[in-house]
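To start, the structure itself, in structure tokens.
In the working numbering, the protein residues as written are 9 to 431.
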């Protein structure tokens, strides 16, 4: 063997040792995460990106230590289409069952994304004893209430992002501040005709009345609606000062353009407002999204310094996908993979019951604060301080940028009023 051959062989041997020691390549059987997501919509594709990015990072560091054996994560995504108008819940259920039976998913993560579909899927998860972590879309309080009520049956179901009841509390904290600062007292509610939005609109109405607000109207629009002028005119005629919006459909961008063009003297404040959450909203509305506020549910979905991990995640996501984190489901989907890894490694097993026990003991600092689950309901524990729990983020579009204005512990600015509102 000549010198060049020997030298080449040595290079190959060193490279092989490096790969094995780094754990980048593993022959071990992968741990399969099944993700039922409505991939044509923000809350679906952002969740998929978050999950895949976390998996790549974990696998690059050797994967998951399962009882002394390093195993990589793998993900199987099936489009549930459950955010599309007119698609029945049964489609999402078929996707979940296919992931379990055909794709051999060890765990379910992400969706279903629509509240109705996620609630219906709970029985399937119970039937197959599959641990599931909801990370996007589903906001209905009925989800974790069902776990708490029938724990033995639904103990495999967890949710790592915020939910409607907590979001309502966050909204009224801001409404109260605006009332104290500007004297606002008239509230108009616009909601999409879906379960979580209808329910949230009712709760908002009831809470507003109890808190002394004058609810000037409630308008419900079907999914896919493209003209909101009548509702906006009603808001204007009733001297509304805040328009609370619950919509996850992309057509909500049209609502905000009409609001701007009509110069409605009321602040648009989205509890769920998918179009305004996205970095491309400014361009899509030709800058007419200025002053719009929306709740992106968890920190990391807009720029802030909630934890040392927040901007590290934010910048890595932007570099990888060519777009900033896009809204609800982005940071929570990313963190769900890390939380699952942590639970599996402590359990030393993929056994569902053992993993449930360890998930209930979760206590790690993540992108949007300290992550722990309520042991009875399996809902992530919220807080206003990231040192204490999962913090939310309410942002406002100001001069083409998404500026976090709430909670105060992570805020980068304050709420501004459009010039046609100033008294």
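Ideal Cβ placement from N, Cα and C applies to all residues, glycine included.
Just curious, the alpha helix (DSSP H) that residue i is in, first and last residue?
| i | result |
| --- | --- |
| residue 266 | 260-269 |
| residue 300 | No alpha helix (DSSP H) contains residue 300, which DSSP labels as neither H nor E. |
| residue 51 | 50-68 |
| residue 435 | What the structure shows of the chain is the stretch from 9 to 431, and residue 435 is not part of that stretch, so it cannot be assessed. |
| residue 194 | It is not in any alpha helix (DSSP H) - residue 194 instead sits in the beta strand (DSSP E) that spans 194-200. |
| residue 212 | 203-218 |
| residue 238 | 237-245 |
| residue 98 | 97-109 |
Please classify residue i: is it buried, with 16 or more other beta-carbons within 10 angstroms of its beta-carbon, or exposed?
| i | result |
| --- | --- |
| residue 142 | buried |
| residue 2 | This structure gives no information on residue 2, because the portion of the chain shown stretches from 9 to 431. |
| residue 297 | buried |
| residue 286 | buried |
| residue 428 | exposed |
| residue 68 | exposed |
| residue 422 | exposed |
| residue 118 | buried |
| residue 48 | exposed |
| residue 175 | buried |
| residue 113 | buried |
| residue 284 | buried |
Any heavy atom of the ligand ADP inside 7 Å of the beta-carbon of residue i?
| i | result |
| --- | --- |
| residue 84 | The model on display carries no ligand, and the ligand ADP is accordingly not part of it. |
Measure the beta-carbon distance from residue i to residue j and round it to whole angstroms, keeping in mind my assumption that it falls under 8 Å.
| i | j | result |
| --- | --- | --- |
| residue 358 | residue 39 | 7 Å |
| residue 323 | residue 401 | About 16 Å; that fails the 8 Å criterion. |
| residue 159 | residue 360 | Their Cβ separation, rounded to whole angstroms, is 14 Å, which puts residue 159 and residue 360 out of contact at 8 Å. |
| residue 115 | residue 41 | 5 Å |
| residue 197 | residue 223 | 7 Å |
| residue 253 | residue 274 | Between residue 274 and residue 253 the Cβ distance is about 11 Å, and since that is not below 8 Å, they are no contact. |
| residue 258 | residue 282 | 6 Å |
In the DSSP assignment, find the beta strand (DSSP E) that holds residue i and state where it starts and stops.
| i | result |
| --- | --- |
| residue 78 | 77-79 |
| residue 115 | 115-118 |
| residue 227 | 222-229 |
| residue 279 | 275-281 |
| residue 254 | 250-255 |
| residue 40 | 39-45 |
Problem set entry | Whole runs of the alpha helix (DSSP H) within the segment 126-184, excluding any shorter than 4 residues | With a minimum length of 4 residues, the continuous alpha helix (DSSP H) runs that stay inside the segment 126-184 are 150-157, 159-162.
For this session: Mind the definition here: the segment 146-155 touches the segment 166-182 only if three or more C-beta pairs lie below 8 Å; say whether that holds.
Result: Contact holds between the segment 146-155 and the segment 166-182, because three or more Cβ pairs, one in each stretch, are under 8 Å apart.
Exercise. Counting only runs that start and end within the segment 325-378, where is the beta strand (DSSP E) found for 3 or more residues in a row?
Worked result: List check, beta strand (DSSP E) in window: 372-374.
Exercise. Looking at C-beta atoms only, is the number of pairs between the segment 378-394 and the segment 285-301 that lie closer than 8 Å three or more?
Worked result: Using a Cβ-Cβ distance cut-off of 8 Å, the segment 378-394 and the segment 285-301 are not in contact, since fewer than three pairs of beta carbons, one from each stretch, lie closer than that value.
Problem set entry | Inter-stretch contact (C-beta, 8 Å, three-pair minimum) for the segment 109-128 and the segment 174-188 | With a cut-off of 8 Å, the segment 174-188 and the segment 109-128 do not count as touching, because too few Cβ pairs lie within range.
For this session: Identify every run of the beta strand (DSSP E) within the segment 404-429, keeping only runs that are complete inside it and at least 3 residues long; order them along the chain.
Result: Given a length threshold of 3 residues, each whole run of the beta strand (DSSP E) inside the segment 404-429 is given here in chain order: 409-414.
Exercise. Would you call the segment 363-376 and the segment 403-415 touching, i.e. three or more CB-CB distances under 8 Å?
Worked result: No, they do not touch.
Exercise. Would you say the segment 235-249 touches the segment 205-219, given that touching needs at least three Cβ pairs under 8 Å?
Worked result: Short answer: they don't touch.
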